[in-house]
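Chemist: One structure coming up, written as structure tokens, with questions to follow.
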Amino acid sequence: MNKLPLINGQQHSWSSIEVSIAGNIVTGITAVNYNDSVSKENHYGAGDMPVHRGRGKYEAKASITLYNYEVEAILAALPKGQRLQDINPFSIIVSYLDDSNEVITHTVRNCEFNSNSRGISQGDTKIAVSFDLICSHVEWN
Numbered sequence: 458m459n460k461l462p463l464i465n466g467q468q469h470s471w472s473s474i475e476v477s478i479a480g481n482i483v484t485g486i487t488a489v490n491y492n493d494s495v496s497k498e499n500h501y502g503a504g505d506m507p508v509h510r511g512r513g514k515y516e517a518k519a520s521i522t523l524y525n526y527e528v529e530a531i532l533a534a535l536p537k538g539q540r541l542q543d544i545n546p547f548s549i550i551v552s553y554l555d556d557s558n559e560v561i562t563h564t565v566r567n568c569e570f571n572s573n574s575r576g577i578s579q580g581d582t583k584i585a586v587s588f589d590l591i592c593s594h595v596e597w598n
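The sequence shown begins at 458 in my numbering and counts up by one.
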């Protein structure tokens, strides 16, 4: 935990991140979400308190929101007839950098698109596409 005072009022924010998908820096991204969890359960024996704890499976989840032009650029780079869901597993790298030049990097491994869809409404000034991804794990720095 950082116990130093905040000197210049700078902390990590959306404007300080860089997102790379499959080795390419993506600028048309409006959201990236990722998390991981391990199921845990108390085991009971004599008395009313747990006597030990069991651990279950690890699970990672990720989602991204891209502007449509980024999605279309990815599709245009694919061989004819391939879909987003056909892309080989890729990593998403999220790097945070601020004025102090402290870099924090998180890597979401083995991501794949599950689906491809669009939703456009009258009055929209942009087209943003949200994707839930399947991934294997998150490396937290």
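Glycine included, every Cβ here is placed at the ideal spot set by N, Cα and C.
#1: Suppose you measure from the CA of Glu-475 to the CA of Val-586; what does that come to, to the nearest Å?
#2: For Glu-559, count neighbouring Cβ atoms within 10 angstroms of its own Cβ and tell me buried if that reaches 16, exposed if not.
#3: Between which residues of its own chain and Lys-403 is the CB-CB distance below 6 Å, once the five residues before and five after are set aside?
#4: Could you check what DSSP says for Ala-534 in three-state terms: helix, strand or coil?
#5: Can you tell which of Cys-568, Tyr-515, Leu-554, Val-551 has the C-alpha that lies nearest to the C-alpha of Ile-544?
#6: Based on Cα-Cα distance, which residue from Lys-514, Tyr-515, Pro-536, Gln-542 lies nearest to Phe-570?
#7: Measure the C-alpha to C-alpha separation of Met-458 and Thr-484 and round it to an integer number of angstroms.
#8: Given Ile-482, which residues of its chain have a CB within under 8 Å of its CB, disregarding the five upstream and five downstream residues?
#9: In the DSSP assignment, what are the bridge partners of Gly-511?
#10: Residues in the same chain with beta-carbon distance under 7 Å from Val-501, minus the five sequence neighbours each way, listed in chain order, please.
#11: Between which two residues does the beta strand (DSSP E) carrying Asp-589 extend?
Modeler: On the basis of the data shown:
#1: Here residue 475 is taken as the residue at index 18 of the sequence shown, counted from 1. Here residue 586 is taken as the residue at index 129 of the sequence shown, counted from 1. A direct Cα-Cα distance of roughly 19 Å separates Glu-475 from Val-586.
#2: Position 102 of the sequence shown, counted from the first residue, corresponds to residue 559. So Glu-559 counts as exposed.
#3: This structure cannot speak to residue 403, because the chain is shown only from 458 to 598.
#4: Along the sequence shown, one-based indexing puts residue 534 at 77. It is coil, neither helix nor strand.
#5: Numbered from 1 along the sequence shown, position 87 holds the residue referred to as residue 544. Selected option, being the one with the closest Cα: Cys-568.
#6: Here residue 570 refers to the residue found at position 113 of the sequence shown. For the residues Lys-514, Tyr-515, Pro-536, Gln-542, the minimum Cα distance to Phe-570 belongs to Gln-542.
#7: Position 1 of the sequence shown, counted from the first residue, corresponds to residue 458. Position 27 of the sequence shown, counted from the first residue, corresponds to residue 484. Reliability fails at Met-458, whose pLDDT of 49 lies under 50, so the model's placement of it is uncertain and the value that follows must be treated cautiously. Rounded to whole angstroms, Met-458 to Thr-484 spans 30 Å at the Cα level.
#8: For the purposes of this step, residue 482 is identified with residue 25 of the sequence shown, where counting begins at 1. Closer than 8 Å at Cβ, skipping near neighbours: Glu-475, Val-476.
#9: Position 54 of the sequence shown, counting from 1, holds the residue named residue 511. BP columns for Gly-511 point to Glu-498.
#10: Along the sequence shown, one-based indexing puts residue 501 at 44. The question names Val, yet the displayed sequence has Tyr at residue 501. Excluding residues within five positions, the ones whose Cβ falls inside 7 Å are Pro-507, Val-508.
#11: Position 132 of the sequence shown, counting from 1, holds the residue named residue 589. It spans 585-591 - the beta strand (DSSP E) in which Asp-589 sits, taken as one unbroken run.
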